[in-house]
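K.L.:
Take a look at the following structure, please.
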Amino acid sequence: MADFKTIQDKWQSKWAESKVFKVHEDKTKKKFYCLEMFPYPSAAFLHMGHVRNYSIGDAFARFKRMNGFNVLYPMGYDSFGLPAENAAKKAGIHPREYTENSIATITKYFKQLGLSYDWDRMIATHEPKYYKWNQYFFIKFYEKGLVYRKKAKVNYCTHCTTVLANEEVEKGACWRCGNQVVDKDLDQWFFKTTAYADQLLEDIKKLDWSDKIQTIQENWIGKSFGTLVHFKLDNGEVFPIFTTRPDTIYGVTFMVIALNHPKLKELIKGTPYEETVDAFIEDVKKAEAADDKEFLEKSGVFTGLYATNPLTTDRVPIYAGNFVVADYATGMIMAVPAHDNRDFEFAKKYDIPITVVIQNDDHSLKAETMTKAYTDEGTLVFSSDFNDLNNFDAISKITDYIEKKGLGTRTIQYRLKDWLISRQRYWGTPIPMIHCDECGIVPVPFNELPLLLPEDVRFDQTGNPILTSKHFVHVRCPRCNGSATRETDTMGGFMDSSWYFLRYCSPNTTDVPFDADAVKYWMPVDQYIGGIEHAVGHLIYSRFFTKALRDMKMLSIDEPFNALFNQGVVYKDGKKMSKSYGNIITQEEIAPKYGIDTARLFMLFVANPDKEMEWNDQGIEGTHKFLQRVYKLYEDKVESIGNTKDSYLISKQHIVVQSITDDIDKFKLNTAVVTLMDYVNYIYTVRENVSPGVLREALEVLSLLLNPFAPHLSEECWELINGKGFASVQKWPEHDISKIDLQLHYIELLIDNTVNDIKSVLELAKISSPTEIELIISEEWKYKFYSMVKELVSNGIRNTGELSKHIMSSELKKHGQDIMKVLPKMVDKLPEQVLTQGTELNAFNEANGLISKMFDCAVRVVTAENSKEIKARQAVPGKPAIVVK
RNA sequence: GCGGAGGUAGCAAAGCCUGGUCAAAUGCGCAGGACUUAAGAUCCUGUCACUUAGUGUGUUCGAGGGUUCGAAUCCCUUCCUCCGCACCA
């Protein structure tokens, strides 16, 4: 029995001592940057979900490293953020202390996983030497006009007492604590992500990302082409509204403005409607708080205002409605109930007229009898000069007209909003800005960076702890030296993660955020690995950051992450494995019992890495057993009793290497493990019948193939067969197609079957302990079937159709049906030598049954243990089945 | 509503792209056997049904149709499950 605990400790310390995984730029080698999303160091443990994620990344990094790449594979911590601050509030320890304790613990666990990180590159974003550069970038972006401050309605979480970015709001609730988010008017800092909306959208297509995540990003950016139409209010004010359906403009019967539109209050101030509208807004707020779904169906209230449709000059009423979003487009819509379901619902509810302007084929639509909006294609009616046009054709014609008359313009609208970076909390990067009454907003001078977080703060009060600092807030203006105040907001955590992948390239530079040459060498990330939950947050911000830095000439790449792999979630008892559900299995529970290699292997084996998987307590026993079996191969001193299986094992070895290499390349780690298991079983069956050299090579190869999956055992096995150096940095085994001989495996199967036959015969004949069996297989029948296939091919038969024709018109007719069962694929592929591929093996196996029918074969079998000669005759209809002598 | 991923033997999970190698890898579970005083561990065999000494036959890959000499695999319809974004004009 192998003691996995001792083995893993031994190799972990050896790796650490010799720094095998340390890398540096080496222009002579091809680089490969493999990166996992860095974790937030909150909980002081790793559960099987983590084990899975990092095992996937490590397997891939190891694979690439062994394939000769110079692999950058770093790890660090996204260590700013609310949990640390909340813990500080609760437990009375400083967030830094909490964070650094967590980091120490987590790092210990990481090291116990045996991941092949270059630990010398570890970063933690809460360290001043890191966040200094957040401040630097902030100011740079500010200078470029990519950072601005504005008063805005923002999402505010009352529980976390801070604003949240759009991307941090899920279904109207705070992503972290799940509390309902409320609107608040605040002066806030924004990154102008929208400036790159188009590029962000366009460049997605260039990336090797899953369709799913590409679609999520596309939807999030939400580009739509439309027209801005100028409606006029009664007070003469022009109010543009955005529509993608100008073809329906003659059917507008009302307008709807967002309840929280900044202009609404002002427009109805002092009118008789002010009171009812205000009351309605209050009701909606209450309903939202109470999550009253029924009330939250489309509802609204008349504002007493009217707008004039510039095309019809009709005056239509303006409602305030809850289904219109204030910060998309202009916050007001034109409503065409006949042709939009939302508008239809609303019109029905409040008894607003409906005007049909697009007719179906038989012109049978009537406003009175409609039960839902007509949203299909049709012909325009009641649309003045545009009558009888197809409505989709009319879109551009009407827009042309609108533009010509100066009533509006074509426009492109994005759903993406600017990135709100301000947080009213302590544990983040201080925003390096100063508010001066004289000079306005003034950045902190570069030479004063990093602007450190103040230490003299109290966490026992509500609100932003920074405000409790006596020294932080008041400052002299760097420009006029007058008295001024510091910005007290800190940056949201996504700032830290927007460029950390650059910092890994040169983690210790003090005069620049990253070394240009190092970044040029390592970037972009070749393989990024992480959860899909970051689809719209981190993965958009990082792309934005990269593009902005490129335009500032600090980078020369367009995209940070070439390939992205989203690993599946680990479930237990039907729920995602997480601390909050209390259904975690930690590394600590598993590793002592089975060893960490077992845990890692199991996580990779049980399901395709991109699929969700259910944790299974029993399954892990199986992988443990497997690793023990592997170890036994190296431990056992096998007395070889022959070399009859040499070529079989060699061939098998090359098949296995080829198959595993392909699988890892495609991230199909689960099937790679299966192949590995199969290989181990195979070695067991043949090891007594191969020469020592061949066995040794097979074991050498096995120990290396094992490295990405069970690295510690891999090293141990490598050492046991006297491998030099670390297995982890050996060259990945190569496969040689010419060494793969499928015929051999085919014959092997035939022999196995025959041997089984003979076993049966022995049983039947009650011969319990034969002392000799000789197995003789005639060359003639061995190749007969194969040569028949060859003959067909040489007759020019290349595909199924030709084959069936050939058979029907040939002497093979009597076996036609049977041949059709087996041959076609072989015929199709033989010219390309596909017979050399592993999967073809089974074809021969299947063919075996047929062959035994079609060809007469006689077998004499001899083994060491028996002396009785037996003749076996494969069953052919009408012939004696087996003759025992 | 829009979008994405799925439904394979007792369970988990391959196979589907590129149709014939599929009664369908592998692991778990289960059954039998070897070993053992016994249990455990380990090893071997079996595990859709009926049958055989071996072979074989029948019915299977959510359901229903279609294409094909041939479908788990391709096409259409349909049912169900999970997951994102959600009133984006």
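Each residue of the first sequence is one higher than the one before, starting from 2 at the first, in the numbering used here.
Glycine is no exception: its CB is placed at the ideal position from the N, C-alpha and C atoms.
Fair warning: this is a prediction, and the values are worked out from it, not measured in the lab.
Any contact of the region 498 to 508 with the region 520 to 533, i.e. 3+ C-beta pairs under 8 Å?
P.N.:
yes
K.L.:
State the Cα-Cα distance for the pair Q215 and N567, rounded to the nearest angstrom.
P.N.:
12 Å
K.L.:
Taking only runs that begin and end inside the region 500 to 538, name each unbroken alpha helix (DSSP H) of 4 or more residues, in chain order.
P.N.:
501 to 504 and 517 to 523
K.L.:
Tell me which same chain residues have a C-beta within less than 7 Å of the C-beta of C463, skipping the five on either side of it?
P.N.:
Per the sequence shown, the amino acid found at residue 463 is Thr instead of Cys. Counting only Cβ-Cβ distances below 7 Å, and skipping sequence neighbours, we find T162.
K.L.:
Looking at C-beta atoms only, is the number of pairs between the region 467 to 487 and the region 105 to 125 that lie closer than 8 Å three or more?
P.N.:
no
K.L.:
Measuring only the C-alpha atoms, how far is E346 from H127?
P.N.:
51 Å
K.L.:
Whose CA, out of P693, I541 and K667, lies closest to the CA of N167?
P.N.:
I541
K.L.:
Could you compute how far the alpha carbon of A321 sits from the alpha carbon of T331?
P.N.:
For A321 and T331, the distance between alpha carbons rounds to 14 Å.
K.L.:
Hey, could you find the ends of the beta strand (DSSP E) N644 is sitting in?
P.N.:
Looking at the DSSP string, N644 is not in any beta strand (DSSP E), and its letter there is neither H nor E.
K.L.:
When the Cα of Q425 is compared with those of A699, G58, T7 and L165, which residue comes out closest?
P.N.:
L165
K.L.:
Secondary structure at E128, three-state DSSP: helix, strand or coil?
P.N.:
coil
K.L.:
List, from N- to C-terminal side, the alpha helix (DSSP H) runs of 4 residues or more that fit wholly inside the region 552 to 597.
P.N.:
588 to 595
K.L.:
To the nearest angstrom, report how far apart P431 and D663 are at their CA atoms.
P.N.:
48 Å
K.L.:
Is it buried or exposed for P693, if we count other Cβ within 10 angstroms and need 16 for buried?
P.N.:
exposed
K.L.:
Using a threshold of 8 Å, state whether the C-beta atoms of G596 and Q13 are closer than that.
P.N.:
no
K.L.:
Measuring CB to CB, does A374 end up less than 8 Å from T356?
P.N.:
no
K.L.:
Would you give the residue range spanned by the beta strand (DSSP E) that W719 belongs to?
P.N.:
From DSSP, W719 is part of no beta strand (DSSP E) but of the alpha helix (DSSP H) over P712 to L721.
K.L.:
Would you mind sorting E369 into buried or exposed? The rule is 16 or more other CB atoms within 10 Å of its CB.
P.N.:
Exposed is the call here.
K.L.:
DSSP three-state call for T662: helix, strand or coil?
P.N.:
Taken through DSSP and simplified to helix, strand or coil, T662 comes out as helix.
K.L.:
For V317, which of helix, strand or coil comes out of DSSP?
P.N.:
strand
K.L.:
Helix, strand or coil for W221, going by three-state DSSP, please let me know.
P.N.:
helix
K.L.:
According to DSSP, is H472 helix, strand or coil?
P.N.:
coil
K.L.:
Should N482 go down as buried or exposed, given a rule of 16 or more other Cβ atoms within 10 Å for buried?
P.N.:
exposed
K.L.:
In this structure, how does DSSP classify A45 when only helix, strand and coil are distinguished?
P.N.:
coil
K.L.:
As a quick exercise: from P433, I642, S484 and M38, pick the residue whose alpha carbon is nearest that of C440.
P.N.:
S484
K.L.:
Given that a residue counts as buried once 16 or more other Cβ atoms are within 10 Å of its Cβ, and exposed if not, what is L453?
P.N.:
It counts as exposed.
K.L.:
Helix or strand or just coil, what does DSSP make of I104?
P.N.:
Under the three-state reduction of DSSP output, I104 falls in the helix class.
K.L.:
Is the region 624 to 634 in contact with the region 674 to 681, if contact means three or more CB pairs nearer than 8 Å?
P.N.:
yes
K.L.:
Using 8 Å as the threshold, is the C-beta distance between P433 and V443 below it?
P.N.:
no
K.L.:
Is the beta carbon of G77 less than 8 Å from the beta carbon of F33?
P.N.:
In this structure, F33 does not lie closer than 8 Å to G77 by Cβ.
K.L.:
Can you give the beta carbon distance from Y634 to I684, rounded, assuming they're within the 8 Å contact cut?
P.N.:
This sequence places Leu at residue 634; Tyr is not what is there. Yes, L634 and I684 are in contact; Cβ-Cβ is about 6 Å, under 8 Å.
K.L.:
How many angstroms separate the CA atom of L670 from the CA atom of D611?
P.N.:
10 Å
K.L.:
Does the Cβ of R316 have 16 or more other Cβ atoms within 10 Å, making it buried, or fewer, making it exposed?
P.N.:
exposed
K.L.:
Check N261 in the structure and name its three-state DSSP category.
P.N.:
The answer is coil: DSSP assigns N261 none of H, G, I, E or B.
K.L.:
Look at K130 and T547 and say whether their C-beta atoms are less than 8 Å apart.
P.N.:
No; because the gap between Cβ atoms is not below 8 Å, this pair is not in contact.
K.L.:
Quick check: what's the CA-CA separation for R688 versus V658?
P.N.:
18 Å
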